[in-house]
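K.L.:
Structure below; questions to follow.
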Amino acid sequence: MSALVPAATLGEWRRIRRYAVPPAMIEAAARAREAGDWRAACAAADVRVAASPEQLRPFADDLAHLAPDLVRWHAPRSVGRGDTTLAPRYLLALVRRGGTALVVHLPRIGNAAQHLTMTVTDDLDGNGKIQVVDWGNMRYLWDARRAGELPAHVCGPRALELLELQEAGRAVDAWAAVGVDVPPPDPGAHGDWRARQLMSDFTALDVDPACLLAAARARGGPTASFDVSGYGELRLHDLQTDRPIAEWVQPVGWNGSRPVDRVSVAEYRRPIDLHLLRFGYLSPDQLHPLVGPHLAAYWNGASPAAAEDPWSGPVRVRCNGNWHEVGWADGRLRMPHSDEERRREHTLVALGGELQGCFAAEHGWQDRATRLPRRLAAQRRDLMLRAQHGDLGGVLARLDAGIDPRARDPHGRTLLHLLSALEQRADAAHALITRLLAAGIDVNDRDRLGRTPLFAAVHGGGSPELVRALIDAGAHPDVEDGFGNRLADVYRQHRIEDLAFLEPLLS
Numbered sequence: 001m002s003a004l005v006p007a008a009t010l011g012e013w014r015r016i017r018r019y020a021v022p023p024a025m026i027e028a029a030a031r032a033r034e035a036g037d038w039r040a041a042c043a044a045a046d047v048r049v050a051a052s053p054e055q056l057r058p059f060a061d062d063l064a065h066l067a068p069d070l071v072r073w074h075a076p077r078s079v080g081r082g083d084t085t086l087a088p089r090y091l092l093a094l095v096r097r098g099g100t101a102l103v104v105h106l107p108r109i110g111n112a113a114q115h116l117t118m119t120v121t122d123d124l125d126g127n128g129k130i131q132v133v134d135w136g137n138m139r140y141l142w143d144a145r146r147a148g149e150l151p152a153h154v155c156g157p158r159a160l161e162l163l164e165l166q167e168a169g170r171a172v173d174a175w176a177a178v179g180v181d182v183p184p185p186d187p188g189a190h191g192d193w194r195a196r197q198l199m200s201d202f203t204a205l206d207v208d209p210a211c212l213l214a215a216a217r218a219r220g221g222p223t224a225s226f227d228v229s230g231y232g233e234l235r236l237h238d239l240q241t242d243r244p245i246a247e248w249v250q251p252v253g254w255n256g257s258r259p260v261d262r263v264s265v266a267e268y269r270r271p272i273d274l275h276l277l278r279f280g281y282l283s284p285d286q287l288h289p290l291v292g293p294h295l296a297a298y299w300n301g302a303s304p305a306a307a308e309d310p311w312s313g314p315v316r317v318r319c320n321g322n323w324h325e326v327g328w329a330d331g332r333l334r335m336p337h338s339d340e341e342r343r344r345e346h347t348l349v350a351l352g353g354e355l356q357g358c359f360a361a362e363h364g365w366q367d368r369a370t371r372l373p374r375r376l377a378a379q380r381r382d383l384m385l386r387a388q389h390g391d392l393g394g395v396l397a398r399l400d401a402g403i404d405p406r407a408r409d410p411h412g413r414t415l416l417h418l419l420s421a422l423e424q425r426a427d428a429a430h431a432l433i434t435r436l437l438a439a440g441i442d443v444n445d446r447d448r449l450g451r452t453p454l455f456a457a458v459h460g461g462g463s464p465e466l467v468r469a470l471i472d473a474g475a476h477p478d479v480e481d482g483f484g485n486r487l488a489d490v491y492r493q494h495r496i497e498d499l500a501f502l503e504p505l506l507s
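Written as structure tokens, this is what we have:
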């Protein structure tokens with residue numbers, strides 16, 4: 001489809017856009033921001049504020065226009081293997097004032113609760129334990145006033161012409177169109193394999209050449225460079241002429257040299273939303289309201305194929321040579337079989353037999369090793385993704401509709417394991433514990449990594465209130481995961497001060 005973004009990647013991003021920032025979260029954060037309450041906006045977008053009023057005072061104007069839901073929308077994500085979660089251990093530096101910076105920390109663990117934490121720091125190196133991304137020149141990624149600047153910053157006046165060339169794999173022609181003749185990397189200098197890989201990375205570089213060239217010239221010097229990949233950088237000479245000269249150089253660190261006036265490629269990378277619109281995966285109204293209208297010019301005009309609603313229409317299961325319609329009611333799978341047939345089937349399993357048809361589907365909902373019919377699998381995925389991304393309203397609606405709460409996600413986690421992701425409304429989230437336990441979920445159940453819901457809550461940033469509620473429900477604090485890590489080790493390693501009440505309970 002495109003030399004820039006594979007179709008599979010676009011499909012994954014469509015799923016991310018559907019689940020990762022729930023519409024209810026965007027709406028609640030926008031209402032709070034427009035009412036002038038930036039703290040309420042952060043709470044709605046699951047952004048925890050870990051800074052004092054004195055620390056935040058220099059950033060008062062920035063905070064007044066902060067769109068925390070937009071930060072979540074644009075934050076780096078772990079794309080691949082079907083993941084929709086935020087990339088772990090990233091720090092987004094929003095703005096610097098007076099030697100300090102307003103920053104947002106992404107989760108420490110990728111598949112844990114998707115909490116963001118905003119704080120103020122004078123140390124951005126992170127001791128090498130985090131990756132710092134500077135958004136200081138990209139206010140359109142977080143400032144509601146500046147969101148409309150996104151297209152002009154990353155797309156030049158010949159945007160579509162150059163984009164079409166790059167999509168066709170003609171990156172060299174796209175650069176030639178703006179006056180830069182890019183030679184092939186020299187195998188003698190880079191090695192045959194690295195030279196081929198470097199050219200492949202250059203072909204997949206998702207930036208507008210005109211924007212990068214303009215940024216290089218704006219520096220005012222005769223030379224500038226930008227990194228293409230870990231295998232090499234492109235250096236431009238004679239920038240003030242009509243035809244700058246391009247050469248490939250080894251990246252910093254290989255020979256001790258440092259390129260002059262490097263241009264940040266990340267600052268000019270096209271947003272994935274542009275490609276989702278261009279190839280008809282989404283329409284502008286399906287994007288964030290501070291993004292979609294400003295990128296509408298890149299929409300191909302076609303109505304995107306509606307994401308199939310796994311909850312609409314009947315679910316059909318092949319059972320003993322017939323097709324049976326099944327559905328949910330009162331927390332169990334409704335099927336055209338009597339309770340007596342159900343008991344008989346399970347008795348046969350206890351004697352060494354295998355579940356078949358409707359009964360296998362019922363069992364497969366809770367057991368990831370058992371294959372589910374396609375629509376039931378989609379329903380389970382929908383439920384667990386909503387839980388992962390804090391869509392408490394969506395989870396409760398499905399439970400109220402009678403779905404079995406005893407589902408597991410691909411990591412073997414139950415809804416109890418994911419409770420820390422649903423804490424924007426703490427009272428409702430904690431009320432879920434009683435509901436889930438009553439449905440038969442064991443408070444000490446373990447996921448594929450051997451972690452219990454209490455372990456997951458402590459490890460993944462659950463609140464003190466949630467941790468207390470799990471302990472009150474019978475969760476054992478003296479536990480370890482499948483790697484031999486004890487809950488006590490996790491608590492002490494990360495020095496979780498607000499969980500100090502755990503100390504006497506840990507061995």
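Under full-length UniProt numbering, the first residue of the sequence shown carries the number 1, and numbering increases by one thereafter.
Glycine residues also receive a C-beta, built at the ideal position from the N, C-alpha and C atoms.
On a CA-only basis, which of R18, E325 and F501 is nearest V315? Give me that one, please.
P.N.:
E325
K.L.:
Whose C-beta lies closer than 6 angstroms to the C-beta of M118 among residues of the same chain, with five residues either side of it excluded?
P.N.:
V47, V49 and V104
K.L.:
Taking F226 as part of the beta strand (DSSP E), name the residues at either end of that continuous run.
P.N.:
A224 to S229
K.L.:
Report the residue from D143, A174, G169 and A168 whose alpha carbon sits nearest the alpha carbon of G156.
P.N.:
Shortest Cα-Cα distance from G156 to any of D143, A174, G169 and A168 involves A174.
K.L.:
Counting only beta-carbon separations shorter than 7 angstroms, does F226 have a partner in chain C?
P.N.:
In the structure shown, chain C does not exist; there is a single protein chain.
K.L.:
Let me confirm a value: G256 is counted as buried when at least 16 other C-beta atoms fall within 10 Å, else exposed. Which label applies?
P.N.:
With a pLDDT of only 46 at G256, under the threshold of 50, the placement of this residue in the model should not be trusted; the figure read from the coordinates follows. Result: exposed.
K.L.:
What are the start and end residues of each continuous beta strand (DSSP E) run of 3 or more residues lying completely inside the stretch 317 to 399, in chain order?
P.N.:
322 to 329 and 332 to 334
K.L.:
Hey, how far is the Cα of V317 from the Cα of A378?
P.N.:
14 angstroms
K.L.:
What is the DSSP secondary structure of V104, reduced to helix, strand or coil?
P.N.:
strand
K.L.:
So, V180 versus A246, is the Cβ gap smaller than 7 angstroms?
P.N.:
yes
K.L.:
Which residues mark the beginning and the end of the alpha helix (DSSP H) in which W73 is found?
P.N.:
Boundaries of the alpha helix (DSSP H) around W73: P68 to H74.
K.L.:
Distance, Cα to Cα, L106 vs A421?
P.N.:
14 angstroms
K.L.:
Is DSSP giving Q114 helix, strand or coil here?
P.N.:
coil
K.L.:
In or out: T434 buried (at least 16 other Cβ within 10 Å) or exposed?
P.N.:
Exposed, since its Cβ has fewer than 16 Cβ neighbours within 10 Å.
K.L.:
Flag this pair as yes or no: are the beta carbons of P76 and G110 separated by less than 7 angstroms?
P.N.:
no
K.L.:
Is the beta carbon of A45 less than 7 angstroms from the beta carbon of A35?
P.N.:
no
K.L.:
Do you know offhand how far G353's Cα is from T347's?
P.N.:
9 angstroms
K.L.:
How is the beta strand (DSSP E) around W248 delimited, first residue to last?
P.N.:
Under the DSSP assignment, W248 falls in the beta strand (DSSP E) whose first and last residues are I245 to V249.
K.L.:
Could you please give the first and the last residue of the uninterrupted beta strand (DSSP E) stretch that includes Y19?
P.N.:
Per DSSP, Y19 belongs to no beta strand (DSSP E); it is in the alpha helix (DSSP H), A7 to Y19.
K.L.:
How far does the beta strand (DSSP E) with H237 in it extend, from its first residue to its last?
P.N.:
G232 to H237
K.L.:
Among D309, T241, W13 and H288, which one has its Cα closest to the Cα of G80?
P.N.:
Among D309, T241, W13 and H288, the Cα nearest to that of G80 is on W13.
K.L.:
Could you tell me the alpha carbon to alpha carbon distance between S338 and A397, rounded to whole angstroms?
P.N.:
27 angstroms
K.L.:
To the nearest angstrom, how far is the alpha carbon of G292 from that of W142?
P.N.:
Between the alpha carbons of G292 and W142 lies a gap of roughly 15 angstroms.
K.L.:
Using the Cβ count rule (16 or more neighbours within 10 Å means buried), how would you classify D404?
P.N.:
buried
K.L.:
Measure the alpha-carbon distance for S264 versus P284 and round it to whole angstroms.
P.N.:
Just so you know, the alpha carbons of S264 and P284 end up roughly 28 angstroms apart.
K.L.:
Span of the alpha helix (DSSP H) holding R146?
P.N.:
Unbroken run through R146: none, as it is neither H nor E.
K.L.:
Going by DSSP in three states, A210 sits in which element: helix, strand or coil?
P.N.:
helix
K.L.:
Please classify D391 as buried or exposed, where buried requires at least 16 other C-beta atoms within 10 Å of its C-beta.
P.N.:
buried
K.L.:
Please report the straight-line C-alpha distance between W311 and P53, rounded to a whole angstrom.
P.N.:
46 angstroms
K.L.:
Using DSSP with H/G/I as helix, E/B as strand and the rest coil, what is L436?
P.N.:
helix
K.L.:
Give the secondary structure of Y90 by DSSP, where H, G and I count as helix, E and B as strand, and everything else as coil.
P.N.:
strand
K.L.:
Suppose only complete runs of 3+ residues qualify. What are the beta strand (DSSP E) ranges in the stretch 262 to 297, listed by chain order?
P.N.:
Within the stretch 262 to 297, no complete beta strand (DSSP E) run reaches 3 residues.
K.L.:
Give every residue of the same chain whose Cβ lies closer than 8 angstroms to the Cβ of W254, excluding the five residues on either side of it in the sequence, and list them in chain order.
P.N.:
With a pLDDT of only 46 at W254, under 50, the local geometry of the prediction cannot be trusted, and the value read off the model is given with reservation. Closer than 8 angstroms at Cβ, skipping near neighbours: no residue.
K.L.:
Based on the DSSP secondary-structure assignment, which residues constitute the bridge partners of E480?
P.N.:
R486
K.L.:
Identify whether R451 lies in helix, strand or coil by the three-state DSSP scheme.
P.N.:
coil
K.L.:
According to DSSP, is V182 helix, strand or coil?
P.N.:
coil
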